[in-house]
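Written below as structure tokens is the structure these notes are about.
Protein chains: 4
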Amino acid sequence: MAPIGEKKGVLERLSGGEVVIGDGGFVFALEKRGYVKAGPWTPEAAAEHPEAVRQLHREFLRAGSNVMQTFTFYASDDKLENRGNKLSFTGQQINEAACDLAREVANEGDALVAGGVSQTPSYLSCKSEDEVKAIFKKQLDVFIKKDVDFLIAEYFEHVEEAVWAVQVLKATGKPVAANLCIGPEGDMHGVSPAECAVQLVRAGADIIGVNCHFDPMTCVKTVKMMKEGVEKAGLKSHYMVQPLAYHTPDCNCQGFIDLPEFPFALEPRILTRWDMQLYAREAYKAGIRYIGGCCGFEPYHIRALAEELAPERGLLPAASEKHGLWATGLEMHTKPWVRARARRDYWENLKPASGRPKCASLSTPDSWGVTQGHTELIQQKEATTQDQLRPLFEKAKH
Amino acid sequence: MAPIGEKKGVLERLSGGEVVIGDGGFVFALEKRGYVKAGPWTPEAAAEHPEAVRQLHREFLRAGSNVMQTFTFYASDDKLENRGNKLSFTGQQINEAACDLAREVANEGDALVAGGVSQTPSYLSCKSEDEVKAIFKKQLDVFIKKDVDFLIAEYFEHVEEAVWAVQVLKATGKPVAANLCIGPEGDMHGVSPAECAVQLVRAGADIIGVNCHFDPMTCVKTVKMMKEGVEKAGLKSHYMVQPLAYHTPDCNCQGFIDLPEFPFALEPRILTRWDMQLYAREAYKAGIRYIGGCCGFEPYHIRALAEELAPERGLLPAASEKHGLWATGLEMHTKPWVRARARRDYWENLKPASGRPKCASLSTPDSWGVTQGHTELIQQKEATTQDQLRPLFEKAKH
Amino acid sequence: MAPIGEKKGVLERLSGGEVVIGDGGFVFALEKRGYVKAGPWTPEAAAEHPEAVRQLHREFLRAGSNVMQTFTFYASDDKLENRGNKLSFTGQQINEAACDLAREVANEGDALVAGGVSQTPSYLSCKSEDEVKAIFKKQLDVFIKKDVDFLIAEYFEHVEEAVWAVQVLKATGKPVAANLCIGPEGDMHGVSPAECAVQLVRAGADIIGVNCHFDPMTCVKTVKMMKEGVEKAGLKSHYMVQPLAYHTPDCNCQGFIDLPEFPFALEPRILTRWDMQLYAREAYKAGIRYIGGCCGFEPYHIRALAEELAPERGLLPAASEKHGLWATGLEMHTKPWVRARARRDYWENLKPASGRPKCASLSTPDSWGVTQGHTELIQQKEATTQDQLRPLFEKAKH
Amino acid sequence: MAPIGEKKGVLERLSGGEVVIGDGGFVFALEKRGYVKAGPWTPEAAAEHPEAVRQLHREFLRAGSNVMQTFTFYASDDKLENRGNKLSFTGQQINEAACDLAREVANEGDALVAGGVSQTPSYLSCKSEDEVKAIFKKQLDVFIKKDVDFLIAEYFEHVEEAVWAVQVLKATGKPVAANLCIGPEGDMHGVSPAECAVQLVRAGADIIGVNCHFDPMTCVKTVKMMKEGVEKAGLKSHYMVQPLAYHTPDCNCQGFIDLPEFPFALEPRILTRWDMQLYAREAYKAGIRYIGGCCGFEPYHIRALAEELAPERGLLPAASEKHGLWATGLEMHTKPWVRARARRDYWENLKPASGRPKCASLSTPDSWGVTQGHTELIQQKEATTQDQLRPLFEKAKH
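Protein chains in written order, with our numbering: chain A, 1 to 398; chain B, 399 to 796; chain C, 797 to 1194; chain D, 1195 to 1592.
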């Protein structure tokens, strides 16, 4: 295995026209494995159960990921302590442990380590630009100490906060990627994807795009709008996309958070590996070269991206030893009618049934319409009380 | 942690009225993680990638499983070599590695090790009773050497073969559980669940039930029919159930193998954790005390069983530290409308949408109707040729 | 046009192997046209708006019906006055007007007139056999006076009451057809279709079958069970079927009455003309020769039956002048992509979408399980009061 | 009944703030009754089967319609003779008969007669403005001779042709209504609803709006866009809407013509009466005062509009004698659980199931994208030949 120093950096790869395969969603995958709590969604498992985080990194590496993102999502101190979340580890411990795990597994293959920051409760609670930037700075100190290969600011609902993050990250001299979690309608303040993109590029981001909140095709569409905005402004950028692994045709601007099924009944919406191949192709056609996933992406979803783009990348991922392209592994099945499914057109044309005849196909999303600046979004350290919950329950019923 | 010698055996537990929580499905979970190949579905990962298998055992243990089944599904020599499957490990190596991994993790908690055998290509290919029994015997030698706590014969489509397996297993003196993969219509030769049950008990099985092929409620219904048969015959048994984590209302007697979505587009059918709680309660009410899962069960599904039956069991599983019962963890969510979902009635009443408006809710299963004795089911060592596949493709189209 | 006297009778036709095409559902069709009130469902329109009833008869005749059923459904005096229903016409006036209209239109083509009686509130209210028979007798007096060609006892949920009706009708010497509104589970007292059939034949019915309450394929299946019962008993009969024009895969034994959509939201369940052709073929294959429809059948549905069986009948109905077989009329469409739909395989393979992505495909039927003999089914002349309704509303909510 | 001369004209009514209830769709309703042929969709029934047309007019009148539109849709000579359509009546005969029938029934109540023209094959075939206008003029001569109360130009896909029609109609001095069959994306040449609206008003239309092609809510949305355009241009108009009775969420700019289900499998999309009440309310709130229906509207759908707007109109339609508002007629039902449905909130909240678990909820519309000027839309007198059909069939398959 090549020493780190010899690996090409992310910008070198992208500038050279290479496809960079991202990784999948850690919080959702580890929630299902029993190491992350839905609600706070904090990444203490990096320190608490490192073997589980290491194993997931390794599975994404095997699946073809060229990037190990440090499992530091929501690892800012203000989020770690929000609403009564009690942890046995400090933010620094978690961030450091996450860096070490990412680096350890990255060294097992051709992957880079990316240090990640994301939106903060402080911004939602209307703290000042300086206060919010200080939060990012604190996480960043760890990333610099651990010498990550590049930085990602991701999961921002407001371009204003993302710009602040990019400014802080850019100061390190490391390559910076910036992802909003927005759809075609733009950010929570109504700023269009095109305008968001221009602001991020001007703030210094080298790679821009979207992650989370929407399904793959919606995210690709949004990045296309960003790209058009950047090109119209006479600017240049690299593009990335890391969508959900859930179908979200019924979402409004807030994405899957507003779906009634979020976060504990999204199963029927999970994309198949064939959906993923379509997505990879569509993203590639749109000129996006950093292609990965977010919540819901399991290793086999990432493998599907790597398999679809194998002709462009010139190689198959390690885990393809356990997967016949386009289902050819089924040629070894015992039953003849399953062997009959060992062909591409079968899976390309299949419309999978839900097995739930008493459920609908689309939902009506919640649309509370509250965002940064709204009193209902002021966060607190203390646990939510029943008195605080009751009016929410009432409102939700009507 | 108590030494193995002090753990209560499976029959002691069941006789004492305890609930025994089984584990989930290894082949499907590890296929998604990149370590098992769909088609042959063989468990070489036990020897090839032990860290991945160990991690999955550990996740099930954390989720509440009282049984670590050795990852030896389809690990008979005739299956390991079927249809061109080329492996770097012998059957003995795989079976031994699987026993060691199961024991290692079982020792980390209150779990027993169960050695498992399953149906053979030899039976489908009409080999003799002696030949088939020899296959079981070979796997069994490893289980005895490794001193597993009890034995499971599972995933049998024909009660005749299951009876042969039970006879071989029973000779060891270990407790024997026997599971068919049948639904209410009975086995592939049309033997009813009630009659199957009687035959298994008479062959010496201590615990009987069904696993795989059908969704939880269908499996519970089938075990109820088995129980009625046993009681009507004046016999006694313990009961177990380890169903799919997929909704299968549209299946015929062959179960999910016949669904067009098998095995690569089953995602929309995956059960939620709330579906699992309903299943656990229903199984318990039916008098079933060994309650687990099969294909599609991820650790969080097993945790849901353990949480539903926590009042009966008197304890929560370790992984519940990362899961608020009935979604109470959402009280810590940043968004007020998601906090409004932190209540039981919300999730109990939710009918989750598929997000796939161009897909139907039920499929028409394949119904080739071929089973043991049919020439199309004679297996072979050599890879399936294109000449063998072509007529299958043709037949599937019409 | 041949004078009535020269028309072949219904039994002559059936004995000669002819297909007899029935008519469609008057109460539902006329409710949509504004002449029947859902709830009481009484047929006063025969006297009140004869032009509307005449026109509907004529449309069915044009569509291929060989039978004009008198529009006398629920025209027994006890039903006409039930629960506050106030009408300006006596039962006798309605029954007479209905006979005249049926005869007038029957004379315009090759159709017979059938006088119909149906189940009574008196039976549900546990009146005696004599009382119930007297109700039928009164309607019958009109039919005899108007000299209908044959008699139909239809829409009986309890075979006991149907047998009483057949006994009364048989006494006239006219051919008697008897239809229960049951499915494969049998009548409301749990009597199987096979047993029901034997009782009806023994009571003197010449033609037996089912009408209403279930979709076509379910009804055909039920008549098959009746036929098997009759043949097993060494008896003989002719068979008829007049199902709903609604898909009802989710119904229990009470049929579509229990569906939450009954009677004002059944639209998404309406069968297409192509569904009807499949039904006609299936009924024919099952040996049923009197094939018609009930609630939901519009004239074009009946035409579809006549078109499917045109090879057997040797003629097309008059209304086929306005319908190209298998959509060939679309060859005259202005748009080329609609002309491309002018072929049989297009419509045979189409799975029509509901256009309702927020609705499910199956419902959970009400299952109050009350039937004849239950106090909640005792009927009354007076309008239902709010005090009587309130507990029903409450019960329905839980 | 008041003589015609004393009835208020359509503009008087609208200017006075009255609601004008339109009628429903004749071609689709009469196709189902056996009097119109799908494909050519021509209205020869006015001359051929006047009793059927008269009855349908009467049903709409009873349901609350204030307008009897002459059944002259597609009654221009070029359409009557298109693609091999052979009729026994001249265009003049059909147009005259239609006027007489409309007037006869209008005289039975408070309804006006509207003479209607619609788009022509000549325009699609790129004939000149003069040629197309001559076509309209010919129909108009009949309307003037028969002294209809006002004129409607409806079902125009191209605003250019609609403007030509309005210019011809306006010359008569009668009030003129103009309806395009477009959705929010605008006409087939891409002219926006707002711009279309301005052009129609400038051409002299007194009432503008849309009919056909889209479901009610989409049509209301489109008329709102037209109204905004008119107001922004500083103009004034009255507004009308006559949508489909089919749910069409999956349509593109060509509307339901492009749906795979058109025209013979639209059943699952039919709106319920409750859907119609929502539509009437929404249209009223949008400031639309002429509210009716088009294809798929049966008399009970029109009655639902009249019932919803009864408070505003101060009266119920005649046919409401057979319909309890918000299902109160069910209080007279025999079964207690159906009486439990005699309440508004039950029907308002019901999500009706399709009964078709193997069908999807949305379709993928055809998108051939050909329109006026494209050679595939040149029409012809001769029947379409098999040689012309074959390439269409081929194209449709890919």
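Beta carbons: idealized from backbone N, C-alpha and C, even for Gly.
query, result
"Helix, strand or coil, according to DSSP, for residue 549 (chain B) in the structure here?", "strand"
"If contact means a Cβ-Cβ distance below 9 Å, which residues of the segment 352-365 of chain A contact chain D?", "353, 357, 358, 360, 361 and 362"
"Can you check whether the C-beta of residue 1416 (chain D) is within less than 8 Å of a C-beta belonging to chain C?", "no"
"Nearest to residue 34 (chain A) by alpha carbon, out of B:456, B:621, B:440 and B:452?", "B:456"
"Taking only three categories from DSSP, how would you classify residue 284 (chain A)?", "helix"
"Taking DSSP as the reference, what is the three-state secondary structure of residue 577 (chain B)?", "strand"
"I'd like to check one pair, residue 428 (chain B) with residue 443 (chain B): are the Cβ atoms closer than 8 Å?", "yes"
"Locate the alpha helix (DSSP H) running through residue 537 (chain B), then write down its first and last residues.", "527-543"
"Cα-Cα, which of D:1317, D:1301, D:1324 and D:1549 is closest to residue 1572 (chain D)?", "D:1317"
"Can you tell me the Cα-Cα spacing of residue 752 (chain B) and residue 300 (chain A), whole angstroms?", "20 Å"
"Does the beta carbon of residue 1080 (chain C) come closer than 8 Å to any beta carbon on chain D?", "no"
"Look at the alpha carbon of residue 1542 (chain D) and the alpha carbon of residue 1468 (chain D), and state the distance between them as a whole number of angstroms.", "7 Å"
"Should residue 1032 (chain C) be labelled buried (16 or more other beta-carbon atoms within 10 Å of its own) or exposed?", "exposed"
"Measuring only the C-alpha atoms, how far is residue 662 (chain B) from residue 272 (chain A)?", "7 Å"
"Express the C-alpha separation of residue 1456 (chain D) and residue 805 (chain C) in angstroms, rounding to a whole number.", "41 Å"
"Is residue 586 (chain B) helix, strand or coil by DSSP?", "coil"
"Inspect the beta-carbon positions of residue 755 (chain B) and residue 691 (chain B) and report whether they are closer than 8 Å.", "no"
"Within 10 angstroms of the Cβ of residue 788 (chain B), are there 16 or more other Cβ atoms? Answer buried if so, exposed if not.", "exposed"
"Would you check whether the ligand NAD has a heavy atom nearer than 7 Å to the C-beta of residue 540 (chain B)?", "Ligands in the displayed structure: none, and consequently the ligand NAD is not present."
"Are residue 560 (chain B) and residue 569 (chain B) closer than 8 Å when you measure CB to CB?", "no"
"Along the chain, where does the beta strand (DSSP E) containing residue 1436 (chain D) start, and where does it finish?", "1432-1436"
"Identify the continuous alpha helix (DSSP H) that holds residue 510 (chain B) and give its terminal residues.", "First-last for residue 510 (chain B): 510-516, but that is the beta strand (DSSP E), not the alpha helix (DSSP H)."
"Going along the chain, which residues of the segment 725-739 of chain B sit with their C-beta nearer than 9 Å to a C-beta in chain A?", "725, 726, 727, 728, 729, 730, 731, 732, 733, 734, 735, 736, 737, 738 and 739"
"So with Cβ pairs under 8 Å, would you call residue 1240 (chain D) a contact of chain C?", "no"
"Return no unless some Cβ of chain C is closer than 8 Å to the Cβ of residue 1333 (chain D).", "no"
"Go ahead and pull the three-state DSSP assignment for residue 1093 (chain C).", "coil"
"In three-state terms, what does DSSP make of residue 607 (chain B)?", "strand"
"In the DSSP assignment, find the beta strand (DSSP E) that holds residue 372 (chain A) and state where it starts and stops.", "Run containing residue 372 (chain A): none; DSSP gives neither H nor E here."
"Name the chain B residues whose beta carbon is nearer than 8 Å to that of residue 85 (chain A)?", "730"
"Since residue 170 (chain A) meets chain B, which of its residues come closer than 8 Å, beta carbon to beta carbon?", "Under the 8 Å cutoff, chain B gives no residues; its nearest Cβ is about 26 Å from residue 170 (chain A)."
"With DSSP as the reference, identify every bridge partner of residue 467 (chain B), one or two as the case may be.", "B:512"
"Are any of the Cβ atoms in chain C nearer than 8 Å to that of residue 1344 (chain D)?", "no"
"By Cβ distance, which residues of its chain are closer than 8 Å to residue 1576 (chain D), with the 5 residues on each side in sequence left out?", "1277 and 1278"
"Using 8 Å as the threshold, is the C-beta distance between residue 220 (chain A) and residue 288 (chain A) below it?", "yes"
"What does residue 688 (chain B) pair with, by DSSP beta-bridge criteria?", "B:418 and B:638"
"Which residue marks the beginning of the alpha helix (DSSP H) containing residue 1242 (chain D), and which one marks its end?", "1239-1242"
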